[in-house]
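If you're matching positions, the sequence shown starts at 0 in numbering that gives the first Met the number 0 and goes up one per residue.
Below you'll find the structure, written out as structure tokens, and then a few comments.
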Amino acid sequence: MEKRTRRLGHKKSRNGCVRCKARRVKCDENRPCHRCVAHGAHCSLLDSHPAVTAPLTPPTTTTSKLPVVGGYVPIQASHETAPTPAPAPAPAAAASDVSLTPTAVNSTSPYAGDPALVDPRHQHHHSASSVGSAAPDPGLDLLSEDWLQSLRLMHHYSTVTCNALPSDACTEELWKTAIPEMACSHKFLMHGLLAVAALHYAHVHPAERRKWDLISVHHQNLALRFFAARLNDIDKSNCEAYFFLASLIFIVSVYSVAHSETVGRAVGLGDVAQSFRFLHGVKGILDFQPLEEWRQSGGPLDMLLRSPEIPPGMMNAGSAFQRRLDAVTALAREVPASFHDVINEQSVCVLALESLRRSHQIVSAAGDGDAMPGGVWGWCVTLPALFIEMIGSGHATALVILAHFAALSRMCERRDDWACSGWSMGVMLMVDEVIDDEWRPWIEWPKKSMMEQISVDEMEV
0 MEKRTRRLGH
10 KKSRNGCVRC
20 KARRVKCDEN
30 RPCHRCVAHG
40 AHCSLLDSHP
50 AVTAPLTPPT
60 TTTSKLPVVG
70 GYVPIQASHE
80 TAPTPAPAPA
90 PAAAASDVSL
100 TPTAVNSTSP
110 YAGDPALVDP
120 RHQHHHSASS
130 VGSAAPDPGL
140 DLLSEDWLQS
150 LRLMHHYSTV
160 TCNALPSDAC
170 TEELWKTAIP
180 EMACSHKFLM
190 HGLLAVAALH
200 YAHVHPAERR
210 KWDLISVHHQ
220 NLALRFFAAR
230 LNDIDKSNCE
240 AYFFLASLIF
250 IVSVYSVAHS
260 ETVGRAVGLG
270 DVAQSFRFLH
280 GVKGILDFQP
290 LEEWRQSGGP
300 LDMLLRSPEI
310 PPGMMNAGSA
320 FQRRLDAVTA
330 LAREVPASFH
340 DVINEQSVCV
350 LALESLRRSH
360 QIVSAAGDGD
370 AMPGGVWGWC
380 VTLPALFIEM
390 IGSGHATALV
400 ILAHFAALSR
410 MCERRDDWAC
420 SGWSMGVMLM
430 VDEVIDDEWR
440 PWIEWPKKSM
450 MEQISVDEME
460 V
């Protein structure tokens, strides 16, 4: 009788990655496993503490639903997301598949699918796979690559980045001391600080840009996930930390527009509007007490909220830029207005122009770009939500006003300003690309100011 051939089976194991378990497929247990690499997904075997017995959330093919943060809608990738394990006690969670920030690298990024970059903490996964799947000793957490990486970023922030952030005499101490000290008590703010530090490290070490860009995205994701999940917990004890997180993420967003060629994806007016929306939305954080009380409290926000004094002789009512804004205001009043709504497209354009006038006065009074944090960028905070939506949708009048703001902000840019230098030109090129030909004459004035590097106060009107 013919001898029956014994069927080859496979050794059962419970040490596979959480994604393969959720899909009920065999995991080869490499770090990362072959299936996660093939799908460009994060493999849980790369984590310091794999959640082997953690309950799983089945994979979805729809866009994740995250809370809207103060009107800020996070950018999300609508590709398949990996199952979510229960939180592990590692120093920082694994990088998410869902992009949350203006500079987050989405599924179209050239970085996507590179296992060494999807989780930059583990560059040597092939050698790590030979160790086996034994649970790591919790006592070794302080020696993990992630912990050492965070120390490197904190050192870089404290010695280099804090000196390179936009600042004036009032805010210099804020970046150097107050925010790092506050971050030690608020994990989400620490992630925001490390995100900026990683982005700056990538900027000054271009040979390692891909690695540190993704590390920055990783910390942005962690910060904003915490932020979005705890909006109802904001109170007087932590509202300053939330406000400064918004400021840090705004810096990341400004950088993405100023250096769009390095982001790894297309950057457009939607990103500009999104950054304005996020910064504008967190104004509600300050509503916990009157603005004057914040200024008198002597806390970190006091340094940021000090309004520059404008001498009576510096109102510049007859300056070239102010007269140019008179013409743009006349244009704004031609925008159709609703008689039923006080807040309409015409009224928000006029309000944006009035705020732009004051920003110009602050810049002129300070000179040499010293008022940039509270002067120029303060314009973004004052914008009505409807006006921000008009920028994102490409409303012609809103784009004309944005182009004039770009021309003013160029006066405050310094070549050594790693985050902001190039932002104004990036915005102007975006406006020039999308605006209809019939509106193009309205942006020629600010465009000439920028292209020929003529001050807005020295232009002919």
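Note that beta-carbon positions come from the ideal geometry of N, C-alpha and C, so glycine has one too.
For clarity, every value in this text was computed on a predicted model and none was experimentally measured.
Own chain residues within Cβ distance below 6 Å of residue i, not counting five before or after
{"i": "L164", "result": "W174"}
{"i": "S354", "result": "W378 and T381"}
{"i": "P445", "result": "A402, H403 and A406"}
{"i": "D456", "result": "S318, A319 and F320"}
{"i": "M458", "result": "A319 and S448"}
From the options, residue whose alpha carbon lies closest to that of residue i
{"i": "I248", "options": "V262, V266 and H218", "result": "H218"}
{"i": "A265", "options": "A384, G425, V375 and S408", "result": "G425"}
{"i": "E388", "options": "E459, C35 and Q273", "result": "Q273"}
{"i": "A418", "options": "D145, T176, P179 and T261", "result": "T261"}
{"i": "V251", "options": "I233, S337, F225 and F275", "result": "F275"}
{"i": "V375", "options": "F386, H359 and A326", "result": "H359"}
{"i": "W422", "options": "V327, R323, I453 and H258", "result": "H258"}
{"i": "A177", "options": "L330, F242, V17 and A326", "result": "F242"}
{"i": "V253", "options": "C42, C16, D416 and H41", "result": "D416"}
Buried or exposed by the 16-neighbour rule on C-beta atoms within 10 Å, applied to residue i
{"i": "D212", "result": "buried"}
{"i": "R13", "result": "exposed"}
{"i": "G317", "result": "exposed"}
{"i": "T160", "result": "buried"}
{"i": "L324", "result": "buried"}
{"i": "L147", "result": "exposed"}
{"i": "D46", "result": "buried"}
{"i": "R224", "result": "buried"}
{"i": "E344", "result": "buried"}
{"i": "I342", "result": "exposed"}
{"i": "F338", "result": "exposed"}
{"i": "R30", "result": "buried"}
{"i": "D501", "result": "Only positions 0 to 460 of the chain appear in this structure, which leaves residue 501 out of reach."}
{"i": "S215", "result": "buried"}
{"i": "A40", "result": "buried"}
Presumed contact (8 Å Cβ cut-off) between residue i and residue j, rounded CB distance
{"i": "L407", "j": "F320", "result": "7 Å"}
{"i": "M410", "j": "V362", "result": "6 Å"}
{"i": "R332", "j": "V349", "result": "7 Å"}
{"i": "A405", "j": "M427", "result": "5 Å"}
{"i": "Y156", "j": "A194", "result": "10 Å between Cβ atoms; not a contact."}
Neighbourhood of residue i by C-beta distance below 8 Å, restricted to the same chain and skipping five residues each side
{"i": "C19", "result": "K25, C26, C32, R34 and C35"}
{"i": "I390", "result": "L268, V271, A272, F275, A397, L398 and L401"}
{"i": "S420", "result": "A257, E412, R413 and R414"}
{"i": "P440", "result": "none"}
{"i": "M449", "result": "A405, A406, R409, S423, M424 and M427"}
{"i": "I453", "result": "K447"}
{"i": "H204", "result": "W211"}
{"i": "R356", "result": "Q321 and L324"}
{"i": "A336", "result": "N343, E344, Q345 and S346"}
Nonlocal neighbours in the same chain, by C-beta distance under 7 Å from residue i, ignoring five residues either side
{"i": "A240", "result": "M181, H185 and L188"}
{"i": "F386", "result": "V347, C348, A351 and A397"}
{"i": "H190", "result": "H218, L221 and A222"}
{"i": "L278", "result": "A245, F249, C379 and V380"}
{"i": "I442", "result": "V399, A402, V430, D431 and I434"}
{"i": "V460", "result": "A319, R322 and R323"}
{"i": "L192", "result": "Y156, I178, P179, A182 and L247"}
{"i": "G393", "result": "L268 and V433"}
{"i": "C16", "result": "C26, C32, C35, C42, S43 and L44"}
{"i": "V327", "result": "L352, V399, I400 and H403"}
{"i": "R208", "result": "A201 and T261"}
{"i": "N231", "result": "none"}
**OP:** Decide if the region 149-158 is in contact with the region 196-204; the criterion is three or more beta carbon pairs, one per stretch, under 8 Å apart.
**Re:** yes
Original post:
Does the region 423-440 come close enough to the region 345-365 that 3 or more CB-CB pairs lie under 8 Å?
Top reply: no
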